[in-house]
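Below is one structure, written out as structure tokens; the observations come after it.
There are 2 protein chains.
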Amino acid sequence: MNTQLRGVSLPARVAASTEEVGFDELALAARNHGMPLEALRYDLTPPGLHYTLIHYDIPQPDIRNWRLSVTGRVKEPATFSLDELRTMPSRTVRVTMECAGNGRALLRPRPVSQPWLVEAVGTAEWTGVPLRAVLAECGIGHDVIEAVFTGADHGVERGVEQDYRRGLALDEARREEVLLAYQMNGAPLPPQHGYPLRLIVPGWYGMAQVKWLREIELVNSPFTGFQNTVAYRARRRPDEPGEPVTRIAVRALINPPGMPDFMSRTRIVRPGPLRLAGRAWSGRAPVTRVDVSTDGCRTWAEADLDIATGHVWAWREWIFDWEATPGDHVLAARATDADGNTQPVHQAWNRGGFANNLVHRVHVACLP
Amino acid sequence: MNTQLRGVSLPARVAASTEEVGFDELALAARNHGMPLEALRYDLTPPGLHYTLIHYDIPQPDIRNWRLSVTGRVKEPATFSLDELRTMPSRTVRVTMECAGNGRALLRPRPVSQPWLVEAVGTAEWTGVPLRAVLAECGIGHDVIEAVFTGADHGVERGVEQDYRRGLALDEARREEVLLAYQMNGAPLPPQHGYPLRLIVPGWYGMAQVKWLREIELVNSPFTGFQNTVAYRARRRPDEPGEPVTRIAVRALINPPGMPDFMSRTRIVRPGPLRLAGRAWSGRAPVTRVDVSTDGCRTWAEADLDIATGHVWAWREWIFDWEATPGDHVLAARATDADGNTQPVHQAWNRGGFANNLVHRVHVACLP
Numbered sequence: 120m121n122t123q124l125r126g127v128s129l130p131a132r133v134a135a136s137t138e139e140v141g142f143d144e145l146a147l148a149a150r151n152h153g154m155p156l157e158a159l160r161y162d163l164t165p166p167g168l169h170y171t172l173i174h175y176d177i178p179q180p181d182i183r184n185w186r187l188s189v190t191g192r193v194k195e196p197a198t199f200s201l202d203e204l205r206t207m208p209s210r211t212v213r214v215t216m217e218c219a220g221n222g223r224a225l226l227r228p229r230p231v232s233q234p235w236l237v238e239a240v241g242t243a244e245w246t247g248v249p250l251r252a253v254l255a256e257c258g259i260g261h262d263v264i265e266a267v268f269t270g271a272d273h274g275v276e277r278g279v280e281q282d283y284r285r286g287l288a289l290d291e292a293r294r295e296e297v298l299l300a301y302q303m304n305g306a307p308l309p310p311q312h313g314y315p316l317r318l319i320v321p322g323w324y325g326m327a328q329v330k331w332l333r334e335i336e337l338v339n340s341p342f343t344g345f346q347n348t349v350a351y352r353a354r355r356r357p358d359e360p361g362e363p364v365t366r367i368a369v370r371a372l373i374n375p376p377g378m379p380d381f382m383s384r385t386r387i388v389r390p391g392p393l394r395l396a397g398r399a400w401s402g403r404a405p406v407t408r409v410d411v412s413t414d415g416c417r418t419w420a421e422a423d424l425d426i427a428t429g430h431v432w433a434w435r436e437w438i439f440d441w442e443a444t445p446g447d448h449v450l451a452a453r454a455t456d457a458d459g460n461t462q463p464v465h466q467a468w469n470r471g472g473f474a475n476n477l478v479h480r481v482h483v484a485c486l487p
Numbered sequence: 120m121n122t123q124l125r126g127v128s129l130p131a132r133v134a135a136s137t138e139e140v141g142f143d144e145l146a147l148a149a150r151n152h153g154m155p156l157e158a159l160r161y162d163l164t165p166p167g168l169h170y171t172l173i174h175y176d177i178p179q180p181d182i183r184n185w186r187l188s189v190t191g192r193v194k195e196p197a198t199f200s201l202d203e204l205r206t207m208p209s210r211t212v213r214v215t216m217e218c219a220g221n222g223r224a225l226l227r228p229r230p231v232s233q234p235w236l237v238e239a240v241g242t243a244e245w246t247g248v249p250l251r252a253v254l255a256e257c258g259i260g261h262d263v264i265e266a267v268f269t270g271a272d273h274g275v276e277r278g279v280e281q282d283y284r285r286g287l288a289l290d291e292a293r294r295e296e297v298l299l300a301y302q303m304n305g306a307p308l309p310p311q312h313g314y315p316l317r318l319i320v321p322g323w324y325g326m327a328q329v330k331w332l333r334e335i336e337l338v339n340s341p342f343t344g345f346q347n348t349v350a351y352r353a354r355r356r357p358d359e360p361g362e363p364v365t366r367i368a369v370r371a372l373i374n375p376p377g378m379p380d381f382m383s384r385t386r387i388v389r390p391g392p393l394r395l396a397g398r399a400w401s402g403r404a405p406v407t408r409v410d411v412s413t414d415g416c417r418t419w420a421e422a423d424l425d426i427a428t429g430h431v432w433a434w435r436e437w438i439f440d441w442e443a444t445p446g447d448h449v450l451a452a453r454a455t456d457a458d459g460n461t462q463p464v465h466q467a468w469n470r471g472g473f474a475n476n477l478v479h480r481v482h483v484a485c486l487p
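So the protein lines, in turn, are chains A and B. So that you can map any letter, position 213 of the first sequence is 332 in my numbering, and since no number is skipped, the others follow by simple counting. So that you can map any letter, position 314 of the second sequence is 433 in my numbering, and since no number is skipped, the others follow by simple counting.
In structure tokens:
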């Protein structure tokens with residue numbers, strides 16, 4: 120650690136049990152934003168509603184001189200202009216992306232970081248060049264085990280000055296649906312989503328989807344940089360190495376019914392039949408089932424899933440018909456995927472608040 | 120007040136002196152978002168970076184059956200389809216828009232509402248039909264004093280179920296630059312910015328710019344609805360009527376220099392010459408001067424304003440050259456407009472946290 124940075128860049132910590140949200144957390148919440156849950160109505164999230172999490176500042180690329188560099192253990196190191204990438208065969212993939220810290224601020228005790236409730240998600244169609252095509256053009260060295268992706272965003276985190284940088288195993292990097300994306304929903308990437316180029320790794324949490332990509336280095340030893348070995352590890356104690364955060368855990372969200380109270384965001388409905396709806400996804404296997412509870416997780420009933428759309432990396436819609444009766448209710452939804460993964464009703468916990476897929480609960484007041 | 124709503128919809132309040140940010144405030148911060156301050160670099164804020172404040176839910180219009188109704192004291196009540204509005208002569212206006220609650224969470228004591236720091240701003244080009252043309256087509260009754268604008272967003276606020284609705288004096292409504300806007304930066308309005316139609320009242324805080332507009336009613340008595348007489352009033356005591364919140368108070372923001380620490384958002388720079396930059400605006404008169412302090416508001420020096428662009432409702436850029444020296448610094452910027460309005464160095468306070476234009480301070484750590 121740079122000792123001069125210690126005073127302004129503190130170690131990770133967990134909030135005390137009585138501690139409400141701090142101004143450091145609020146400063147992150149004011150910049151980054153989730154997807155308002157009523158946007159669960161859209162198959163594709165409009166770009167300004169898709170969640171964003173920016174570690175440092177949004178970079179300002181000099182687009183005329185911009186190049187992607189491919190370096191390290193390649194047969195022919197190369198650079199690519201945006202036009203060169205655009206002339207290569209492209210592919211479009213619909214992807215549900217979620218922040219690894221989604222749900223963090225609901226944990227007890229609360230890990231202190233970006234204070235997500237449950238909105239850190241969005242679905243978009245990303246268009247770009249398959250990464251494997253670019254790597255094949257450069258020639259992958261025989262001993263390569265990982266690709267290291269460097270973004271242009273630059274800042275300090277826990278005392279370490281850095282460009283945002285992540286390593287990814289070569290087997291993952293060579294999956295056919297992994298893209299170097301230059302379009303989001305058919306338009307150039309917005310600044311906050313990585314303009315001009317970002318990595319898309321369908322099924323993984325957002326930390327893998329390196330934005331403002333400027334370099335890919337192929338390496339023959341495991342990458343030990345900050346974002347892989349310090350951040351984005353599930354740890355229960357600060358001194359253990361922890362497990363790497365990788366693919367998105369199965370989750371369902373409820374499009375909140377009725378209308379909100381402005382301040383409490385409590386949902387208010389009137390008695391009678393009500394169609395509940397939402398979306399469910401998993402980065403590990405297709406979602407095969409969603410169950411809904413209207414009595415605070417005491418009993419569950421199966422929801423109807425929409426027909427599979429063929430977009431295997433995107434969320435599925437579900438619906439559930441409910442008869443609202445006067446009084447207070449707690450709705451909940453719980454998804455299960457084809458590998459048998461399902462969501463916990465009681466929180467699992469780690470110090471970073473990562474991959475927390477606790478069932479989504481929505482408090483509803485039904486008027487008389 | 121609907122007594123059945125009392126339990127879920129509480130009166131306005133001010134936080135206790137020791138009270139950190141609550142989960143109700145955080146729920147608003149996770150949905151709504153400010154403009155990351157590095158976006159002060161753009162003349163026009165990309166839509167997904169422009170601030171948004173949505174009182175209830177983003178409505179989902181049935182666009183085929185959508186109509187704008189003009190009712191009340193008009194000679195001929197009328198409805199307009201979106202196509203009909205699009206065929207009328209249009210006008211484009213560049214507007215800096217700011218939330219009336221910008222800066223609220225920095226006040227002591229803190230009004231409990233959307234907990235903005237300073238990012239609740241953005242600048243866009245809005246295209247639409249001048250409101251006066253639509254009103255002229257319907258014929259304004261001789262005794263009309265206000266126009267009342269109703270949006271499609273529906274919810275509960277302090278116990279009152281309502282559509283979002285605001286009254287505006289006829290003199291303001293007939294200003295030539297007041298628009299019924301259907302485009303933002305040349306594209307259809309994004310859902311969160313009022314699709315398909317919103318009111319644009321250049322110079323006023325965001326609460327006047329009614330989104331998802333569905334009805335305009337001309338009236339011959341002052342509108343006494345919730346958003347004009349209960350909310351959006353500057354009060355020091357809860358029982359006084361207070362002053363209506365109207366035009367945007369003069370303000371400058373600083374594009375934070377150097378790089379951030381992820382968690383504290385403290386800015387870190389290296390010693391040497393540094394060009395500071397930012398934007399300044401006022402809804403009352405053109406900005407004529409920006410002063411910068413690099414010693415925590417003890418001394419001030421005048422910044423360079425860019426040449427006036429002719430966009431009189433939009434912000435102006437300013438620059439200021441600074442020599443950073445090792446140690447901690449507090450930068451500040453203070454704008455003044457042609458009417459002699461300037462920003463306070465010490466907070467003015469009201470219970471809603473409205474129109475708070477305290478000077479913007481940025482803490483900078485300069486490395487050795």
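Idealized CB from N, CA, C, for every residue including glycine. Since the structure is predicted, the reported quantities are computational estimates derived from the model, not experimental observations.
Residue i - DSSP class collapsed to helix/strand/coil
i               : result
Q179 of chain A : coil
M303 of chain B : strand
M216 of chain B : strand
A149 of chain A : helix
E296 of chain A : coil
G274 of chain B : strand
M120 of chain B : Residue placement at M120 of chain B is flagged as unreliable, the pLDDT there being 49, under the threshold of 50; the coordinate-derived value follows with that caveat. Reduced to three states, the DSSP call for M120 of chain B is coil.
D410 of chain A : strand
W172 of chain A : A quick correction: the sequence has Leu, not Trp, at residue 172 of chain A. Coil at L172 of chain A, not helix or strand.
T206 of chain B : helix
D282 of chain A : strand
Chain B contact for residue i (CB, 7 angstroms cutoff)
i               : result
M120 of chain A : Because M120 of chain A sits at a pLDDT of 49, beneath the cut-off of 50, its placement in the model cannot be relied upon, and the following sentence gives the value as read from the coordinates. Judged by the 7 angstroms Cβ criterion, M120 of chain A is not in contact with chain B.
V140 of chain A : yes
E491 of chain A : Given that chain A is displayed from residue 120 to residue 487, the structure contains no residue 491 of chain A and the question cannot be resolved.
Beta-bridge pairing of residue i - partner residues as DSSP gives them
i               : result
S188 of chain A : A:T198 and A:E334
C257 of chain B : Looking at the DSSP assignment, C257 of chain B forms no beta bridge with any residue, so it has no partner.
H448 of chain B : B:V483
I438 of chain B : B:A396 and B:D423
N374 of chain A : A:A396
W67 of chain B  : It is not possible to answer for residue 67 of chain B, since the shown part of chain B is limited to 120 through 487.
A353 of chain A : A:E362
G459 of chain B : BP columns for G459 of chain B are empty, so no partner.
Interface residues of chain D facing residue i [CB-CB closer than 8 angstroms]
i               : result
E238 of chain A : Protein chains A and B are contained in the structure displayed, whereas chain D is not.
Cβ of residue i within 7 angstroms of any chain A Cβ
i               : result
M382 of chain B : yes
V478 of chain B : no
D290 of chain B : no
A146 of chain B : yes
Beta-carbon neighbours of residue i, restricted to chain A and to distances below 8 angstroms
i               : result
Y175 of chain B : M378, P379 and F381
E276 of chain B : D380, F381 and M382
W235 of chain B : A149
H273 of chain B : M378
R160 of chain B : Q179
S232 of chain B : M382
Under 8 angstroms from the C-beta of residue i: neighbouring residues of chain B
i               : result
T385 of chain A : V127 and S128
D143 of chain A : M382, S383 and R384
Q123 of chain A : L486 and P487
Chain A residues whose Cβ lies nearer than 7 angstroms to that of residue i
i               : result
G153 of chain B : A149 and R150
E157 of chain B : D176 and I177
A396 of chain B : Ordered by position in chain A, no residue passes the 7 angstroms Cβ test against A396 of chain B, which lies about 12 angstroms from the chain.
Chain B residues whose Cβ lies nearer than 7 angstroms to that of residue i
i               : result
G167 of chain A : P166, G167, P309 and Q311
A93 of chain A  : No answer is possible for residue 93 of chain A: it lies beyond the span of chain A, which begins at 120 and ends at 487.
S401 of chain A : Correct list: empty, because the minimum Cβ distance to chain B is about 23 angstroms.
Supposed contact pair residue j and residue i - C-beta distance, whole angstroms, cut 8 angstroms
i               : j               : result
A399 of chain B : R417 of chain B : Not quite, the Cβ-Cβ distance comes to about 21 angstroms (not below 8 angstroms), so this is no contact.
V483 of chain B : G391 of chain B : About 13 angstroms; that fails the 8 angstroms criterion.
A474 of chain B : A219 of chain B : 6 angstroms
Contact set between residue i and chain A, taken where Cβ atoms lie within less than 9 angstroms
i               : result
A224 of chain B : F142, L145 and A149
Cross-chain neighbours of residue i in chain B, by beta carbon under 9 angstroms
i               : result
S136 of chain A : Residues of chain B passing the Cβ test: none, with the nearest at roughly 13 angstroms.
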